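J.: Pasting a structure below so you can have a look.
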Amino acid sequence: MTKREQLYLYEEIMLLALRDEKGTLAIGFVEQLVAGAVLAELLLEARISVEDSEKQLVSLDDSQPFGDPIIDECLETMAVGKQCASLKTWVSRLARIKNLKHNVARQLCHRKILRADEDKVLFVFNRRVYPEIDPVPEQQIIERLKAAIFTDREPLDPRTVVLISLANGSELLRQTFGRKELKPRQQRIEQIVHGELTGNATKEVIEACQTAAMVAAIMPAVIVTTVNS
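Just so we're aligned, residue 272 is where the sequence shown starts under our numbering, counting upward by one.
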């Protein structure tokens with residue numbers, strides 16, 4: 272893909288999360304992963320920064336429109352916030368943006384990667400689904416992940432590191448490659464998600480991105496535990 276056509280991290284997450292033919296989500300709580308990916312994108316673009324302390328408070332350094340509707344809505348949400356908040360809080364807040372997952376899917380429809388459709392649950396209730404019509408972008412994502420995980424190539428680019436962190440913390444990595452295939456590469460995955468293979472990338476930015484990714488990935492488990500307790 273060209274620079275202009277490059278997918279954002281949150282779009283890559285959505286493609287991995289959707290079942291190709293059915294167009295349904297293979298995991299729950301994808302909104303948290305999307306929110307974590309957006310925050311990582313803003314960190315990589317120096318739009319936000321994270322306080323180097325236990326609280327990990329987020330500072331909005333540049334609220335000018337980004338040029339992407341999803342990211343711009345998140346920026347606006349952060350700009351109107353009255354108090355400083357932590358990364359964890361912002362993952363939760365951004366995940367609650369109305370119709371977030373559908374807006375992301377529709378954006379991928381505009382890119383002609385997905386198709387918007389409807390099916391029925393229990394033959395009664397309509398639901399929106401997004402089957403894949405152009406498999407090439409997702410295949411390219413998978414090849415990028417495969418090269419990072421199943422070879423010893425380094426350094427890795429920060430975007431790939433963040434994507435692997437999001438996918439590994441949720442079930443996406445195992446669904447994409449299989450638990451058996453990933454097991455021999457577990458040490459490599461740990462190196463990746465701890466930011467050990469990013470070369471000359473700014474350490475503080477990568478660590479903050481990793482934190483956003485980890486928070487986004489573990490929040491669904493926390494929510495489920497809280498609901499069931």
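All residues carry an ideal CB built from backbone N, CA and C; glycine is no exception.
As the structure is a computational prediction, the values presented were derived from the model and not from experiment.
#1: Closer than 8 Å is the cut-off here; do at least three beta carbon pairs connect the stretch 352-360 with the stretch 327-338?
#2: By a C-beta neighbour count over all protein chains shown, 10 Å radius and 16 as the cutoff for buried, is residue 378 buried or exposed?
#3: From this set, 403, 343, 440 and 319, which residue's C-alpha is nearest residue 332's C-alpha?
#4: Looking at the strands, I want to know which residues DSSP matches up with residue 321.
#5: Among 290, 444, 305 and 478, which residue has its Cα nearest to the Cα of residue 374?
#6: Between 288, 321, 448 and 468, which has its C-alpha nearest residue 361's C-alpha?
#7: For residue 451, report the span of its alpha helix (DSSP H) as first-last.
#8: Is it buried or exposed, residue 420, if we count other Cβ atoms within 10 angstroms and call 16 or more buried?
#9: Going by Cα to Cα distance, which pick from 397, 341 and 347 is closest to residue 295?
#10: Between which two residues does the alpha helix (DSSP H) containing residue 367 stretch?
#11: I need the DSSP call for residue 263, collapsed to helix, strand or coil.
T.: Let me lay it out:
#1: yes
#2: buried
#3: 319
#4: 329
#5: 305
#6: 321
#7: 450-453
#8: buried
#9: 397
#10: From DSSP, residue 367 is part of no alpha helix (DSSP H); its letter is neither H nor E.
#11: Within the shown structure, residues of the chain are numbered from 272 to 500, placing residue 263 beyond reach of any answer.
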